[in-house]
Amino acid sequence: MYLVNIINLVCFLSVLSLGVIAFLNQKERIVNRYFVIFTGFTSIWILSNFLFGVYPNLFFMRAEYAFGILPMPAAIIWISYLKNETIEKARLVFVSLPAFLFVFLTFLSGLVVRDINITDSLHFSVEMGNLYSIYSVIQAGYLGMLLYLLISGYVKSHGLKRVQMLYVLVGTSIFAIIGLIYGLILLPVFSLTSIGPLDAQSSIFFVSFSAYAMAKHRLMDIRFVASKAVQYLVLTAMILLVGFIAGFLILYASGRTIDLTVIIITAVVSALFFYVFEYIHKIIEEATNSFFLKNDYQTQRLIEEVGEDITSSMLLHEILFKVYAILEKSMKTSHILVATTREGQISETYAIGYGKLIKISLEEARDLWGQPMVDEYELEKGDYRLEILKKYDSGLSFCLKTHSYLGGIFLIGHKKTSEPYSIRDINVLKILAKQLSIAIQNAMQYEQTCHFAENLQEKVNQSTEKLVKANKHLRELDKAKDQFLSMASHQLRTPLTTIKGYLHMLVEGDFGELDTTQMAAMREAYVNSDRMERLIDDLLNISRIETNKFFMQGVHMDLAEIAAEEMAHLRERAESRGLYLKLSVIAGKRKNLVVDKLKLGQVISNLIENSIFYTREGGIEVIVDRDDDGVILKVKDTGIGIPEDQQRHLFSKFFRGTNAQRVRPDGSGLGLFLGKKIIEGHKGKIFFESEPGKGATFGFWLPWQTGMEESKNIKKIDSYLKAGK
Numbered sequence: 001m002y003l004v005n006i007i008n009l010v011c012f013l014s015v016l017s018l019g020v021i022a023f024l025n026q027k028e029r030i031v032n033r034y035f036v037i038f039t040g041f042t043s044i045w046i047l048s049n050f051l052f053g054v055y056p057n058l059f060f061m062r063a064e065y066a067f068g069i070l071p072m073p074a075a076i077i078w079i080s081y082l083k084n085e086t087i088e089k090a091r092l093v094f095v096s097l098p099a100f101l102f103v104f105l106t107f108l109s110g111l112v113v114r115d116i117n118i119t120d121s122l123h124f125s126v127e128m129g130n131l132y133s134i135y136s137v138i139q140a141g142y143l144g145m146l147l148y149l150l151i152s153g154y155v156k157s158h159g160l161k162r163v164q165m166l167y168v169l170v171g172t173s174i175f176a177i178i179g180l181i182y183g184l185i186l187l188p189v190f191s192l193t194s195i196g197p198l199d200a201q202s203s204i205f206f207v208s209f210s211a212y213a214m215a216k217h218r219l220m221d222i223r224f225v226a227s228k229a230v231q232y233l234v235l236t237a238m239i240l241l242v243g244f245i246a247g248f249l250i251l252y253a254s255g256r257t258i259d260l261t262v263i264i265i266t267a268v269v270s271a272l273f274f275y276v277f278e279y280i281h282k283i284i285e286e287a288t289n290s291f292f293l294k295n296d297y298q299t300q301r302l303i304e305e306v307g308e309d310i311t312s313s314m315l316l317h318e319i320l321f322k323v324y325a326i327l328e329k330s331m332k333t334s335h336i337l338v339a340t341t342r343e344g345q346i347s348e349t350y351a352i353g354y355g356k357l358i359k360i361s362l363e364e365a366r367d368l369w370g371q372p373m374v375d376e377y378e379l380e381k382g383d384y385r386l387e388i389l390k391k392y393d394s395g396l397s398f399c400l401k402t403h404s405y406l407g408g409i410f411l412i413g414h415k416k417t418s419e420p421y422s423i424r425d426i427n428v429l430k431i432l433a434k435q436l437s438i439a440i441q442n443a444m445q446y447e448q449t450c451h452f453a454e455n456l457q458e459k460v461n462q463s464t465e466k467l468v469k470a471n472k473h474l475r476e477l478d479k480a481k482d483q484f485l486s487m488a489s490h491q492l493r494t495p496l497t498t499i500k501g502y503l504h505m506l507v508e509g510d511f512g513e514l515d516t517t518q519m520a521a522m523r524e525a526y527v528n529s530d531r532m533e534r535l536i537d538d539l540l541n542i543s544r545i546e547t548n549k550f551f552m553q554g555v556h557m558d559l560a561e562i563a564a565e566e567m568a569h570l571r572e573r574a575e576s577r578g579l580y581l582k583l584s585v586i587a588g589k590r591k592n593l594v595v596d597k598l599k600l601g602q603v604i605s606n607l608i609e610n611s612i613f614y615t616r617e618g619g620i621e622v623i624v625d626r627d628d629d630g631v632i633l634k635v636k637d638t639g640i641g642i643p644e645d646q647q648r649h650l651f652s653k654f655f656r657g658t659n660a661q662r663v664r665p666d667g668s669g670l671g672l673f674l675g676k677k678i679i680e681g682h683k684g685k686i687f688f689e690s691e692p693g694k695g696a697t698f699g700f701w702l703p704w705q706t707g708m709e710e711s712k713n714i715k716k717i718d719s720y721l722k723a724g725k
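Each residue of the sequence shown is one higher than the one before, starting from 1 at the first, in full-length UniProt numbering.
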């Protein structure tokens, strides 16, 4: 029984220590307060077991059952708050009132424990009262409610919270189940007393699992205080153990029972133990710190050290290497990744500690910019941000941002010890991230200052070059103006409009019915007058380009739709020449682009029309495809092709190949030049492939982001299906 009492005393001190830890650390949190209440009631109950073992009598047995009902409602309320549930006062009273009622009933009468028959220190029997069955039902109800809360809390939680709930579930469940089985069945029904009070001793499971959750998984964030408390708890247990061994040896040698002499000898031996306390304390402190505080550091000192290193240099790569060295030493951080931004784009990526080159994409960085901090333990499974953190083997990310400047993203690798970052670590890293944001901004400004003279000279050279080009450009504009005026004088818009109007009236039969030959002639005249009008428009556009007055209106469109619409207008012309004209859209998801529909349609129309004019047999295929960065359109024909010696001049203003002039003498040579300008205005590229005599492929590529803003009041025209038939 002596050993049992020592174990009960250790359990009492262990549970009481957990409560003291919670009280000393963040006692303003309501979940910590109810944890203190729970451990307090449990400590009183275990103390009752201990006192009964030392002084077995009816009063302490009733105390065991009276105080034994209090931990259950306290645990229920604590677990509810641990699950972040709000408990109303009515529910609080409903849970607590039966327990307090039975405390009074147990102490003040024999309704729960009527009497106790003691044979010796290890054998006794308990005679239960009339209300014992109700007492047992209430305890069982409490147990069911507690298990429901624990299991539902584990199932519904995720990440770090789920791990915490698992340890609390296992430790508390074992403690509660063993305690109730022993107290309600083994002791009163079977009088099984020789094995000692298992109900009190089972609290060691609760202590062990809770302490581990506090140390390793940030339960209620009391890890630092837990380390010191466990040190003194182990010391106390060792003192009691030494006293127990001394007393036991004396009892064994003399054959005596526990009396005052044994207690005095135990006290003397324990006092002698304190002479070597300092040496033992150092050993225990090193052991507990190696478990609880492997990466212990002084918060203020670390922040000051980082601040000193950040201000000691203006070169960002030097700053980041120093920051990594501090984090590796203090928190055992495996690696860090910093991606800086400039004008909304990733400018540089610094991967330190990875051992290889790492680049983070702009899309991934944007996904993490949404929050000041992203913690992998706070994310649910399947969250795209969790996948990004896993990709870069990181546990935390911080957005590096000041009030007016977005510096980039800061990824913190996992600890080399495989532990999660504590709340204390995270708070320090938040401060560090703010300092780093300012450091990046200062480094960028310093870089600009260092290169100011170089940039200034470069700008002077650029300005000089621009002036030279501008002078040359003015002469070219003057020449273009003369050319424009010379051509426009023979193709005035006003008479052309009149001619088109009368031709339209003739075709529509306003002046009488026309026979087939006359109708064909009128239609041909109308088509050529329309071509002449477009020629004038081309000349006007050229003039606008030369004078920087060429503007475009953006609208969200699918390139395939624009191509389909232009093909619908030209299909009859192709078929009249015996040529096929088909649209091929490569399978795959496409995005809408912001483009100038009219001008881009003009480019596509010119490419198709050129293919129709310069193809004698076969046909034209319009292909719409995509790559990772944008969309591609190709116009492929089986025409005459382009001579190799003339291909480099193809996009020059007014240039026409010799073979093209023979096939179509009246061409202007402006279509490809203007098309190149329009495509470049969309941040795209125009290209061609040709083999003389076997056809040509003209096309262009446009990026997903064309740099244009969408204009208002522009309607989309859906002719995709019509032209694709």
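Heads up, the beta-carbon is just placed ideally off N, CA and C, and yes, glycines get one too.
Note that the structure is a prediction, hence the values are computed from the model and not measured.
CA-to-CA distance, residue j to residue i, given in whole angstroms
| i | j | result |
| --- | --- | --- |
| residue 807 | Val31 | Since the displayed the chain opens at 1 and closes at 725, residue 807 lies outside it and no answer follows. |
| Ala339 | Val15 | 48 Å |
| Ser313 | Ala433 | 17 Å |
| Val306 | Leu429 | 11 Å |
| Glu691 | Glu644 | 8 Å |
| Tyr297 | Tyr377 | 23 Å |
| Thr615 | Ala574 | 10 Å |
| Met557 | Gly630 | 13 Å |
| Leu598 | Tyr526 | 21 Å |
| Leu108 | Lys416 | 59 Å |
| Lys83 | Leu24 | 22 Å |
| Ile118 | Phe60 | 13 Å |
| Met145 | Ser80 | 11 Å |
| Val10 | Ala74 | 22 Å |
| Ala439 | Leu316 | 8 Å |
| Val374 | Leu362 | 17 Å |
Close beta carbons around residue i, own chain, < 8 Å, minus the five adjacent residues each side
| i | result |
| --- | --- |
| Glu680 | Ile686 |
| His217 | Model confidence at His217 stands at a pLDDT of 49, short of 50, so the residue's coordinates are unreliable; what they give is reported in the following sentence. Result list for His217: Leu160, Val163, Gln164, Tyr167 and Pro420, in chain order. |
Three-state class that DSSP yields for residue i in the structure shown
| i | result |
| --- | --- |
| Gly353 | coil |
| Ala587 | coil |
| Lys415 | strand |
| Asn592 | coil |
| Phe654 | coil |
| Arg91 | helix |
| Arg62 | helix |
| Asn508 | Reading the sequence as shown, one finds Glu at residue 508 and not Asn. Three-state result, Glu508: coil. |
| Asn559 | Checking the sequence shown, residue 559 turns out to be Leu, not Asn. Here Leu559 sits in helix by DSSP. |
| Lys694 | coil |
| Ile358 | coil |
| Gly554 | strand |
| Asn84 | coil |
| Tyr297 | coil |
| Lys332 | coil |
Among the options, the one whose alpha carbon lies nearest that of residue i
| i | options | result |
| --- | --- | --- |
| Leu670 | Gly353, Leu535 and Glu127 | Leu535 |
| Arg571 | Phe551, Gly407, Ile608 and Val603 | Ile608 |
| Tyr392 | Thr349, Trp701 and Ile431 | Thr349 |
| Leu436 | Gly554, Asp115 and Leu320 | Leu320 |
| Glu617 | Ser48, Gly578 and Arg29 | Gly578 |
| Thr497 | Gly141, Lys381 and Asp530 | Asp530 |
| His626 | Ser584, Tyr405, Asp637 and Asp375 | The identity of residue 626 in the sequence shown is Arg, whereas the question assumes His. The shortest C-alpha separation from Arg626 is found at Ser584. |
| Val103 | Gly344, Gly68, Lys401 and Tyr81 | Gly68 |
| Ile623 | Val468, Asn610, Asp637 and Phe613 | Asp637 |
| Asn130 | Tyr142, Val112, Ala140 and Gly144 | Val112 |
| Ile116 | Ser611, Ser422 and Tyr55 | Tyr55 |
| Lys332 | Asp383, Leu368, Ile358 and Gly395 | Gly395 |
| Gln553 | Thr706, Lys479 and Ala587 | Thr706 |
| Ile426 | Phe398, Phe688 and Tyr148 | Phe398 |
Sequence-distant residues of its chain with Cβ nearer than 7 Å to residue i (five each side left out)
| i | result |
| --- | --- |
| Ser347 | Thr340 and Thr341 |
| Gly693 | Ile640 and Gly641 |
Any C-beta of chain C under 8 Å from that of residue i
| i | result |
| --- | --- |
| Phe102 | Of the protein chains in this structure there is only one, and it is not chain C. |
Sequence-distant residues of its chain with Cβ nearer than 6 Å to residue i (five each side left out)
| i | result |
| --- | --- |
| residue 726 | The structure shown does not extend to residue 726, since the chain is modelled only from 1 through 725, so no value can be given for it. |
Residue i beta carbon near the ligand GTP (any heavy atom closer than 7 Å)
| i | result |
| --- | --- |
| Gly407 | Looking at this structure, you won't find the ligand GTP or any other ligand, since it has none at all. |
Query - Every unbroken beta strand (DSSP E) within the segment 365-444, with a cutoff of 3 residues, ordered by chain - result: Runs found: 373-375, 394-401 and 406-413.
Report task. Any chance you could list the beta strand (DSSP E) runs of at least 3 consecutive residues sitting entirely within the segment 120-152, in chain order? Result -> Complete beta strand (DSSP E) runs here, min 3: 123-128.
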